[in-house]
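Using the numbering used here, you'd call the opening residue of the sequence shown number 1 and step up by one each time. For glycine and all other residues, C-beta sits at the position ideal for the given N, C-alpha and C.
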Amino acid sequence: MYGFGRHIRCLSRLNLVSGRYLKPKAYTSVSSAAAVDMHKTLKVGHQLHGYEVKVVDEVPELCLSAYLLDHLKTGAQHLHIQRDDNNNMFGVSLRTTPADSTGVAHILEHLSLCGSEKFPVRDPFFKMLNRSLTTFMNAFTTPDHTFYPFSTQNLKDYYNLMTVYLDAVFFPLLQPLDFNQEGWRLEHQDINDPQSDIIFKGVVFNEMKGVFSSPAAIYVRSLQNHLFPDTTYANESGGDPLVIPELKYEDLKEFHRKHYHPSNARFITYGNFPLESHLAFIDDYVLNRFNLNENFRNSTEARNQPKWSKPMRKEIQSQPDPLAPFPDKQTTVSISYMLEDKSNTHECFTLSIICSLLMDGPNSPLYQALIDSGLGSDYSPNSGFAGYTKQAFFSIGLQGIAKKDVNFVVKAIDTALKNASNDGFPEERIEAILHRLELSTKYQTNNYGLGLAMNLNSIWTHDCNPIVGLKVNDHVNRFRKELKQNPKLLEQKIKEYFISNTHRLVLEMNPSEDFEKNLREKEQNLLNEKLRKLSKEDLKDIYNKGIQLEKQQNDKQKVDILPTLVVKTDISRSFDATNVETTQISNTSVQWSAQPTNGITYFNAILKPNFSNFPQHLVPYLPLFNQVATKLGAGSLDRKQLDQEIQLLTGGLQMSVHVTDHPSQFDLFEKGLIISSHCLERNIDHMFRLLTNIFNSIRFDDDYDHLLQLIRISSAELAMSLPHYGQRYAMQRSAAALGGAFKFREQTSGLSSVDHFRSMASLESSEPVVEHLKSIADLLLNSDSMRCSINAEASTIRSSLQSVEKFINSLNKRTEPIGETQECGNNGDIPAIESMLNEHHVLPFANNYLGKSVYCTPFVHNDYAKLKIAANLVSAKYLLREVREKGGAYGGGAKFNLGGVYSYYSYRDPNVEQTIDAFNDSAQWLANQSNYSEQDIDEAKLSVFQEVDHPIMPSEQGLLLFVNGITDQMRHDYRMRLLDVTKADIEEVAKRYLVNEKLHSGVVLIGPRNDRTLSDPKWLIIEDKPNN
1 MYGFGRHIRC LSRLNLVSGR YLKPKAYTSV SSAAAVDMHK TLKVGHQLHG
51 YEVKVVDEVP ELCLSAYLLD HLKTGAQHLH IQRDDNNNMF GVSLRTTPAD
101 STGVAHILEH LSLCGSEKFP VRDPFFKMLN RSLTTFMNAF TTPDHTFYPF
151 STQNLKDYYN LMTVYLDAVF FPLLQPLDFN QEGWRLEHQD INDPQSDIIF
201 KGVVFNEMKG VFSSPAAIYV RSLQNHLFPD TTYANESGGD PLVIPELKYE
251 DLKEFHRKHY HPSNARFITY GNFPLESHLA FIDDYVLNRF NLNENFRNST
301 EARNQPKWSK PMRKEIQSQP DPLAPFPDKQ TTVSISYMLE DKSNTHECFT
351 LSIICSLLMD GPNSPLYQAL IDSGLGSDYS PNSGFAGYTK QAFFSIGLQG
401 IAKKDVNFVV KAIDTALKNA SNDGFPEERI EAILHRLELS TKYQTNNYGL
451 GLAMNLNSIW THDCNPIVGL KVNDHVNRFR KELKQNPKLL EQKIKEYFIS
501 NTHRLVLEMN PSEDFEKNLR EKEQNLLNEK LRKLSKEDLK DIYNKGIQLE
551 KQQNDKQKVD ILPTLVVKTD ISRSFDATNV ETTQISNTSV QWSAQPTNGI
601 TYFNAILKPN FSNFPQHLVP YLPLFNQVAT KLGAGSLDRK QLDQEIQLLT
651 GGLQMSVHVT DHPSQFDLFE KGLIISSHCL ERNIDHMFRL LTNIFNSIRF
701 DDDYDHLLQL IRISSAELAM SLPHYGQRYA MQRSAAALGG AFKFREQTSG
751 LSSVDHFRSM ASLESSEPVV EHLKSIADLL LNSDSMRCSI NAEASTIRSS
801 LQSVEKFINS LNKRTEPIGE TQECGNNGDI PAIESMLNEH HVLPFANNYL
851 GKSVYCTPFV HNDYAKLKIA ANLVSAKYLL REVREKGGAY GGGAKFNLGG
901 VYSYYSYRDP NVEQTIDAFN DSAQWLANQS NYSEQDIDEA KLSVFQEVDH
951 PIMPSEQGLL LFVNGITDQM RHDYRMRLLD VTKADIEEVA KRYLVNEKLH
1001 SGVVLIGPRN DRTLSDPKWL IIEDKPNN
């Protein structure tokens, strides 16, 4: 996976196997209790298993102990975070600083997972996804390091995965054919026809073409490249598709030799498994085979960018955005400032707070200067404090502006910064950000260790002490002290890092109608240049290698050499019951659960109106209502005051469209809105006071211009999501043909919604929209349509319920049903898709996203579990090979969702017909049980149970029942059915539902123009307006 960390706002960074493959069993014999006892005895200077303890530190605000160790023989570093968390994480990070844009680090990440010394099978990484109960498993290439993490709750699984990961990273096979498959190759379009055209192929090659299919991605890449032109960040670590074909196989092997050495490695372990076992295992399996190499460590260092003596200005181009509401307003401009080296962690902490004060929310000076101006649709891509490079930077600007307004935007930024350097910030805004930090230290996610590791890597990669990044309270206390001693501290920092900073880049991007044509011509010229140099022997070799690669892809692999869990012994037939109670408060159903929430109260409410009285034309306005309801002001608070109170007293107020399928009936579903928030225990009454104001009196008429700007921001965000989540949109659009909940989802979160937001964004005034929003509020925001859930500490659950009661009693009662109001723009009702009619939504992407849907059974049906196993089985054993390995797509497979819809998908796919054939053929493959073994079925079960038994946080306890209506009895029955699925069951349901499709959609394709679809009457071509 490419690009981890690129868009992370860095304020949060400082919150910041089967037994035969294990060495001696002693590695896994220490209990968690023993681990806790042992870690208390470790002191600085202690040596164990070849390591020396360098730092020991307690971080009480995060409920953890941290240990930093050095391996004496190799210099490898190891950070262990001991925490009472069953979801244990392992990761190894290598500093990978590319000297060009061939994507060598990214392709190596893919290639290292394609077979190793102990596990010489094709793609053991993907195969382990189905032999494990992992809660996370992936790899990331960033601009300066590559990270291989996984997490699991199972100790045996932990060492299985660690064995595979360590072998993959340090002892990979790096075979030439895998380089051709994953990186790039010249190959005949039809590999069996030596007379067919020779083209570029490769998974990473196609992936990166997809990455840069959006103007936003092009902008973010160019910003980094131009701001750090004399460093490794001037190169594209993921690979430039026009440069990737310059990478030679030998260069990749040399890159691995120099960068994937323990002297350049950082290991991290997290959770309640014992540290001593980890150290012994890593030392014995990997580190004792290496010696210290200072040159490898030093040569990978990311050099600092020398500071410019004067500001710079650059202009770049991108493709036009067909989803832009105003074709003449597609310019993006920003100012970026190089800030401080990440080694100065406290200074970066302070700068992250300043950057947040400058731009976050309607009370910030840059928001008022840029967003409130109405000149653009949203902040420019990558706006905010960025800490994923060695020297942090801050970027701010606008997208969706007219070219003539570029200088006005630049001047507005300069003026806002000067004013902030003179006026400073109100104390309550500073306190709101510090409150956000306090809340973040207590908030528990379901993969907490992974989040910590990914954030810490940004400083640890550059030889900083990672534990410093954990100590949030130390940074906060020092910040408060410095601010008290120098009340002008923040103003002085703004002058130093922004007003007087000569390392400043103004980057302007404009659309060009010729951009895509020029890009295609450059790729074709590159291809032609390579073809001209080919001899007859080279041509023969290309043909033969294509045949060899296909043969390798089709060869049956000896996967039994890979470690695995065993379904019968490693998956329990029992599960933990849902710990919830339900009560009635003033005719409102309230579900509550006493949980160890670390002093946070979590609240959810579902607003379920009588949709027989809910006008159809209001449905497409529901997602807009969610976006703006908490941003317009409410009660006595205007929009700025409301935002300030939300930031100061809660973890945010979120609304989203609620759609849940009935567990037992296809034609029944629940729809409405869901509202969520959380707060520190001391602020619960304040949280409900804010919710009461929003329920009873949103100030829709205060500022129509601001509402229109919020619409345009949402429209821009949706448009940018398309190239990243195209497969989701394709599946959702295809499922809409099935009607009911699936159609409702498409109207409120699919392509239809994207187009509806675009239509609203093009309005001259938001006033016509306001009446629709008021109608929704009248119908939904009342206690009569609501049910609630609350999770809190046992000691505060009673008082929390009392607060809920006061909240319910403070709400307005339902008004009389309203009549139809005048429609504004698209009524949102999508036409029914004929079952055999395909749709091609033409968008200027470099590759395709496909989806197709079949309705099968509801959740409680006996066949549901069989189809769930079937989807995972066919994804891993058939579609992965056909769509990704052979077809070159970044990914593809089948999913079976809670609503009973079986969907095929592919993403960043260079093919259309070949992929559709794979979708159709996969059903026939499933319908013949000789194609798969009992072990294959067990592996599919393991992959399903990763989802079934995923960690449930205290904040999430009971939500499956509350939101989806799935009871413990339903969960129990589902679990039993999953465990009992057989090969015969898979064959039976494949024939019944997938081969003989009864209720299904056509194929939905999102991607560039295609001669095949244009000339085929079975395809409906939709261009510019996705819901035509």
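Sequence-distant partners of Phe515 (beyond 5 residues in either direction) whose C-beta falls short of 7 Å from its own C-beta, in its chain, are Gln317, Ser318, Gln319. If you ignore the 5 residues before and after Trp925, its C-beta comes within less than 7 Å of the C-beta of Val874, Tyr878, Asn931, all in its own chain and listed in chain order. Collapsing the DSSP output to three states places Leu94 in a strand. In the three-state reduction of the DSSP assignment, Glu117 falls in the coil class, being assigned neither a helical nor a strand state.
Note on geometry: alpha-carbon atoms of Lys540 and Glu187 lie some 11 Å from one another. Annotated as distal: Tyr907 and Gln732, with beta-carbon spacing of 8 Å or more. For Cys464, the three-state secondary structure derived from DSSP is coil. Taken atom to atom, the span from the alpha-carbon of Ala741 to that of Tyr855 is near 12 Å. Annotated as distal: Phe744 and Val804, with beta-carbon spacing of 8 Å or more.
Leu62 and Leu527 have their alpha carbons spaced roughly 54 Å apart. Cβ contact annotation for Ser697 (same chain, cutoff 8 Å, sequence separation greater than five): Ala634, Gly635, in chain order. In the structure shown, the three-state DSSP call for Gln492 is helix. Residue burial is scored here from C-beta neighbours: Glu746 has at least 16 other C-beta atoms within 10 angstroms and is therefore classed as buried. The DSSP assignment places complete beta strand (DSSP E) segments of no fewer than 3 residues inside the segment 127-180 at 145-152, in order along the chain.
Annotation for Gln641: the continuous alpha helix (DSSP H) segment containing it runs 639-649. In this structure, DSSP gives His80 an extended state, which the three-state scheme calls strand.
Around the Cβ of Glu987, a 10 Å sphere holds 16 or more other Cβ atoms; the residue is buried. Contact between the segment 883-902 and the segment 855-870 is present, with at least three C-beta pairs closer than 8 Å. DSSP places Gln654 inside the beta strand (DSSP E), whose first and last residues are 653-661. Distances from the CA of His950 to each of Thr445, Ser213, Ile1021 were compared; the closest alpha carbon is that of Thr445.
In this structure Asp178 does not touch Ser116 by the C-beta definition: roughly 11 Å separates them, more than the 8 Å allowed. The three-state reading of DSSP puts Pro362 in coil, since its state is none of H, G, I, E or B. According to the DSSP assignment, His678 belongs to no alpha helix (DSSP H) but to the beta strand (DSSP E) extending over 669-680. By the neighbour-count criterion, in which 16 or more other beta carbons inside 10 Å mark a residue as buried, Met976 falls on the exposed side.
Just measuring C-alpha positions, the residue of Pro274, Arg573, Tyr849, His261 sitting nearest Val948 is Arg573. Residues of the same chain with a CB within less than 8 Å of the CB of Thr502, apart from the 5 flanking positions on each side, are Lys307, Trp308, Ser309, Lys310, Pro311 in chain order. The beta carbon of Pro327 is closer than 8 Å to those of Pro320 in its chain, skipping five residues each way along the sequence. When DSSP states are grouped into helix, strand and coil, Val912 belongs to the coil group.
In this structure, Gly210 keeps its C-beta atom at 8 Å or more from the C-beta atom of Pro1008. In the three-state reduction of the DSSP assignment, Lys73 falls in the coil class.
Taken through DSSP and simplified to helix, strand or coil, Val286 comes out as coil.
In terms of CA proximity to Leu358, Leu417 leads the group Val1003, Asp251, Val333, Leu417. Shown here, Arg122 sits in coil according to DSSP, grouped into three states, outside any helix or strand.
At the C-beta level, Ile675 and Ala605 come within 8 Å of one another. By the neighbour-count criterion, in which 16 or more other beta carbons inside 10 Å mark a residue as buried, Ser664 falls on the exposed side.
In this structure, the straight-line span from the alpha carbon of Arg303 to that of Phe296 is close to 15 Å.
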